[in-house]
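Trainee: Its first residue numbered 137, the sequence shown is counted upward by one per residue in the working numbering. C-beta: ideal position from N, C-alpha, C; glycine also.
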Amino acid sequence: MLNIHNLSVSFQGSYLFEEITFRLGNGDRVGLVGKNGAGKSTLLRIISGEQPYDTGAIALEKEVRIGFLKQDIDFVEGRTVLEESYEAFQEIKALEARLDEINTQLATRTDYESEAYNQLMIDVNEVQQQYEVHGGYNYKGETERILQGLGFKREDFDKLTDTFSGGWRMRIELAKLLLQTNDILLLDEPTNHLDIESIIWLEGFLKNYVGAVVIVSHDKMFLDNVTNRTIEISLGRIYDYPKAYSQYLVLRKELREQQLASQKNQQKQIEQTEKLIEKFRAKASKASMAQSLIKKLDKIDRIEVDENDNSVMTLKFPVSVTPGKVVVEAHDIAKSYGTKHVLQDIDLLIERDSKTAFVGQNGQGKSTLAKIIVGELEHQGNLKLGHNVEIGYFAQNQAEYLDGKKTVEETMIDAADEKTRPRVRDILGSFLFRGEEVDKYVRVLSGGERNRLALAKLMLQPFNVLVMDEPTNHLDIKSKNVLKDALRNFEGTLIVVSHDRDFLQGLTNKVFEFKDRQIKEYLGDIDYYLDAREVSSLREIEKRDTPTTQTKPTSNKQSYEDQKKLKSLNNRLSKVEANINKLEREIKEIDVALAVNYDEEIAKPNFFEKYQAKKKQLEKYMEDWEEITEALEQLQS
């Protein structure tokens, strides 16, 4: 489907990657991994045709279509969610416009016996046939199904995209990509702005995808659940294994250990040979033997050990003055967005040196409360910061506030004061921005590099309370570990919003769970919280817990029965969606075959009966899907 041969790309005189070779085929679901700045996003842009390369070749099979989900997207203002999503169907929209034009002429013209009118009748039949072949009668229902799978409600469909955050706009862009008939999907950090339900839905979609998928992600669980192949970019080379990420790490480690052992044995043999050469050189009678050994030594294929890129950022959060014992005290906090009530009657006490985690589903108010604490949002109720409290804040979309027209160094200098300005270069160096990299423009940085720069900016101002909202988005796994160590060693007060259990383990000593506009305190770490909730992962909680506007208390028995129903409905929905995907692919393949060779296809035994049976079965599955989603909505409300 796609072949890459000896591809090389350089940046400012040094190679990002050099002479890499691999191919993609149907069914390949590739996890493209590597440290921030290794070239993952660059490689996706090259494959998509958006960026040139220096040397090598990229060969695509005829008519292969590529869809690319980028980290940075641009939207046309004034469109609703549905209107923007329908942009995925350019061919269908063009056919709709042509049909409208022909039907208007048929309705207004009166020259019924003319050749031109007869041609219009022929044209309308041809365009209608093309419209059906391209899925014109199904695309609106399919669009709604995909949008709901990604977390949108029906009442969101007619809202303007301008009113949604960057994360939700990214979901719309992802929906458009999934609605197109692409052969290769390139997904750059697709889970960064998705809640757990949407991630699980996306996993199911990608598992059933028949084409090739290349995913850049630092979400280990997502990669393990979706991919069947891993390509790592490291120090300009690639390492390609037909395994999901966790299995790949094991294989990569075993291979390196084997290489080290083989290299060690080979080195012993070389040293012994060199000793013999030195010994025989001194004797004329042995000179020919020495020459023979030298030739043998020259022919040895030296075993190389794969290099590991162990460069990581150096991170230590300094503490300013010591604050009072109580850092944050809040009573009766409430926050609404229009008619949507997010938080209600919240009481909160954060003490000095505590390490607190905010957990719960997206939309339950975690980020909202974090913004209220740092003074970014107006609210009802009383919130008081303690004596000498100085807050450092890392927003979930922190990287969006960076000016793409500035260089890395200019970004830091503009944010620094007289005391920290002389330290800008040192701070950037500790965040792996060294040498010419400080002259890079922010717009060319990868998502992970932007997050590193945003973290570096935190070092420019003193603080004793650190509020971090999803700080691990875009960070590679090594950088996540460095950040975790720095937060663990931070001697101030920490509040961290995260969905990542691995990141939270051993980091916090208190957990606040956000659910139904309320918060509940658990006096222990994340493992204590999960034990108390009798689950093994945050994913399990976020999957089975759904936001509700219900105010009446329910019994444990009712709650358990609801959970069973919810699980059963979700399982049924997954199966129905898989069947719909399978049938739609089969019908599309038939439609394409008809368009290419109509006579040969209809000549097949019982062609029309089988074709219509598939369409009827698809209609039945769509009806089942509507019934199940309605039942789910009723249960969740």
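Using only the alpha-carbon positions, how far apart do Tyr747 and Ile723 sit?
Mentor: Taking the first residue of the sequence shown as position 1, residue 747 is located at position 611. Taking the first residue of the sequence shown as position 1, residue 723 is located at position 587. Looking at the two C-alpha atoms, the distance is approximately 8 Å.
Trainee: My output table needs one value for Ile436: the three-state DSSP class, helix, strand or coil.
Mentor: To locate residue 436, count along the sequence shown from 1; it is residue 300. Three-state DSSP puts Ile436 in coil, outside helix and strand.
Trainee: So, is Ser424 buried or exposed, given that buried needs 16 or more other C-beta atoms within 10 angstroms?
Mentor: As a position in the sequence shown, residue 424 is number 288, starting the count at 1. So Ser424 ends up on the exposed side.
Trainee: Take Asp235 and list the residues in its own chain whose beta-carbon comes closer than 6 Å to its own, dropping the five residues that flank it on each side.
Mentor: What you label residue 235 is simply residue 99 of the sequence shown in a count that begins at 1. According to the sequence as given, residue 235 is Leu; it is not Asp. These residues qualify, in order along the chain: Val263.
Trainee: What residue range is occupied by the uninterrupted alpha helix (DSSP H) comprising Phe639?
Mentor: As a first step, residue 639 must be located in the sequence shown, where it is residue number 503. Where Phe639 is concerned, the enclosing alpha helix (DSSP H) stretches over Arg637 to Leu640.
Trainee: List the whole-angstrom C-beta distance separating Glu339 from Asn361, where the pair is believed to meet the contact cut-off of C-beta under 8 Å.
Mentor: On the sequence shown, position 203 is the one that residue 339 refers to. On the sequence shown, position 225 is the one that residue 361 refers to. Right, the Cβ-Cβ distance comes to about 5 Å (below 8 Å), so this counts as a contact.
Trainee: Could you check the C-alpha separation between Thr556 and Gly540 for me, to the nearest Å?
Mentor: Numbered from 1 along the sequence shown, position 420 holds the residue referred to as residue 556. Numbered from 1 along the sequence shown, position 404 holds the residue referred to as residue 540. Roughly 22 Å separates the two Cα atoms.
Trainee: Quick one: give me the first and last residue of the alpha helix (DSSP H) that Thr244 is part of.
Mentor: By one-based count along the sequence shown, residue 244 stands at place 108. It spans Gln226 to Thr244 - the alpha helix (DSSP H) in which Thr244 sits, taken as one unbroken run.
Trainee: Who are the Cβ neighbours of Tyr151 in its own chain at under 8 Å, not counting the five residues just before and after it?
Mentor: Here residue 151 refers to the residue found at position 15 when the sequence shown is read from its first residue. Here the set comprises Ser144, Val145 and Gly372.
Trainee: In chain order, what are the residue ranges of uninterrupted alpha helix (DSSP H) at least 4 long that sit wholly in the stretch 335 to 417?
Mentor: For the stretch 335 to 417, whole alpha helix (DSSP H) runs of length 4 or above, ordered along the chain, are 356 to 362 and 381 to 417.
Trainee: What does DSSP give as the partner residues of Val603 in its beta bridges?
Mentor: Translated into the one-based positions of the sequence shown, residue 603 becomes position 467. DSSP output for Val603 lists Tyr529 and Ile631 as bridge partner(s).
Trainee: From which residue to which residue does the beta strand (DSSP E) around Ser775 run?
Mentor: For the chain, the structure presents residues 137 to 773; residue 775 sits outside this window and is missing.
Trainee: Is Thr191 helix, strand or coil when you go by DSSP?
Mentor: Here the question's residue 191 lines up with position 55 in the sequence shown. Thr191: strand per DSSP, three-state reduction.
Trainee: Cutting at 8 Å between CB atoms, please list the residues of its own chain near Glu291, excluding the five before and the five after it.
Mentor: Taking the sequence shown and counting its residues from 1, one reaches residue 291 at position 155. Correct list: empty, nothing qualifies.
Trainee: In chain order, what residues of the same chain have a beta carbon less than 7 Å from the beta carbon of Leu387, not counting five sequence neighbours either side?
Mentor: Position 251 of the sequence shown, counted from the first residue, corresponds to residue 387. Hits under 7 Å: Tyr377 and Lys379.
Trainee: Start and end of the beta strand (DSSP E) containing Glu657?
Mentor: Numbered from 1 along the sequence shown, position 521 holds the residue referred to as residue 657. Taken as a continuous stretch (DSSP letters only), the beta strand (DSSP E) holding Glu657 covers Gln654 to Tyr658.
Trainee: In whole angstroms, what is the alpha-carbon distance linking His515 and Lys507?
Mentor: Here residue 515 corresponds to residue number 379 of the sequence shown, with the count starting at 1. Here residue 507 corresponds to residue number 371 of the sequence shown, with the count starting at 1. Their Cα atoms are separated by approximately 10 Å.
Trainee: Any idea if Thr629 is buried or exposed, counting beta-carbon neighbours within 10 angstroms, 16 or more meaning buried?
Mentor: Within the sequence shown, the letter at position 493 stands for residue 629. Buried is the call here.
Trainee: Going by the CB atoms, is the gap between Lys176 and Gly170 shorter than 8 Å?
Mentor: Counting from 1 along the sequence shown, the entry for residue 170 is found at position 34. Counting from 1 along the sequence shown, the entry for residue 176 is found at position 40. Result yes, Cβ atoms of Gly170 and Lys176 sit closer than 8 Å.
Trainee: Evaluate Gly173 with the Cβ neighbour count: other Cβ atoms within 10 Å of its Cβ, from every protein chain shown; 16 or more gives buried, anything less gives exposed.
Mentor: Residue mapping note: residue 173 aligns to position 37 of the sequence shown, counting from 1. Gly173 should be labelled buried.
Trainee: How about Ala252: is its C-beta nearer than 8 Å to some C-beta of chain E?
Mentor: Judged by its chain identifiers, the structure shown contains no chain E, having just a single protein chain.
Trainee: Can you tell me whether DSSP reads Lys851 as helix, strand or coil?
Mentor: Shown here, the chain extends from 137 to 773; a query on residue 851 therefore has no answer.
Trainee: Rounded to whole angstroms, what's the CA-CA distance from Pro598 to Gly660? Just pull it up for me.
Mentor: Taking the first residue of the sequence shown as position 1, residue 598 is located at position 462. Taking the first residue of the sequence shown as position 1, residue 660 is located at position 524. The alpha-carbon atoms of Pro598 and Gly660 are separated by roughly 28 Å.
Trainee: Taking the CB atoms as reference points, tell me whether Lys593 and Val544 lie closer together than 8 Å.
Mentor: Within the sequence shown, residue 593 is the residue found at index 457, counting from 1. Within the sequence shown, residue 544 is the residue found at index 408, counting from 1. Not in contact: Lys593 and Val544 (Cβ atoms no closer than 8 Å).
Trainee: Between the stretch 487 to 500 and the stretch 455 to 467, can you find at least three pairs of beta-carbon atoms closer than 8 Å?
Mentor: These segments touch.
Trainee: Is it true that the stretch 309 to 324 meets the stretch 274 to 288, where meeting means three or more beta-carbon pairs spaced less than 8 Å apart?
Mentor: At 8 Å Cβ cutoff, the stretches touch.
Trainee: Does DSSP put Arg165 in a helix, in a strand, or in coil?
Mentor: Within the sequence shown, the letter at position 29 stands for residue 165. In this structure, Arg165 counts as strand in the three-state DSSP scheme.
Trainee: Between which two residues does the alpha helix (DSSP H) holding Lys614 run?
Mentor: Position 478 of the sequence shown, counted from the start, is the residue given in the question as residue 614. That run of the alpha helix (DSSP H) goes Ile613 to Asn625.
Trainee: Kindly indicate which residue of Glu465, Asn715, Phe743 and Arg417 has the alpha-carbon position closest to the one of Lys756.
Mentor: In the sequence shown, counting from the first residue as 1, residue 756 sits at position 620. The residue with the shortest Cα to Cα distance from Lys756 is Asn715.
Trainee: Rounded to the nearest angstrom, how far is the Cβ of Phe639 from that of Lys616, given a contact under 8 Å?
Mentor: Mapped onto the sequence shown, residue 639 falls at position 503. Mapped onto the sequence shown, residue 616 falls at position 480. So it is a contact: roughly 6 Å between Cβ atoms.
Trainee: Is it buried or exposed, Val601, if we count other Cβ atoms within 10 angstroms and call 16 or more buried?
Mentor: Residue 601 sits at position 465 when you count from the first residue of the sequence shown. Looking at its Cβ environment, which holds 16 or more other Cβ atoms inside 10 Å, Val601 is buried.
Trainee: Check Glu649 in the structure and name its three-state DSSP category.
Mentor: Position 513 of the sequence shown, counting from 1, holds the residue named residue 649. DSSP places Glu649 in strand when its eight states are reduced to three.
Trainee: Check for me: the alpha helix (DSSP H) holding Val560 runs from which residue to which?
Mentor: Within the sequence shown, numbered from 1, the residue matching residue 560 stands at position 424. Unbroken alpha helix (DSSP H) run through Val560: Val560 to Ser566.
Trainee: What's the call for Glu649, buried or exposed, on a 16-neighbour Cβ count within 10 Å?
Mentor: Taking the sequence shown and counting its residues from 1, the one referred to as residue 649 is at position 513. So Glu649 counts as buried.
Trainee: Evaluate Arg579 with the Cβ neighbour count: other Cβ atoms within 10 Å of its Cβ, from every protein chain shown; 16 or more gives buried, anything less gives exposed.
Mentor: The residue labelled residue 579 in the question sits at position 443 within the sequence shown. Counting Cβ neighbours within 10 Å, Arg579 comes out exposed, since fewer than 16 surround it.
Trainee: According to DSSP, is Val510 helix, strand or coil?
Mentor: On the sequence shown, residue 510 is found 374 positions in, with the first residue counted as 1. In the structure shown, Val510 sits in coil (DSSP, three-state: anything other than H, G, I, E or B).
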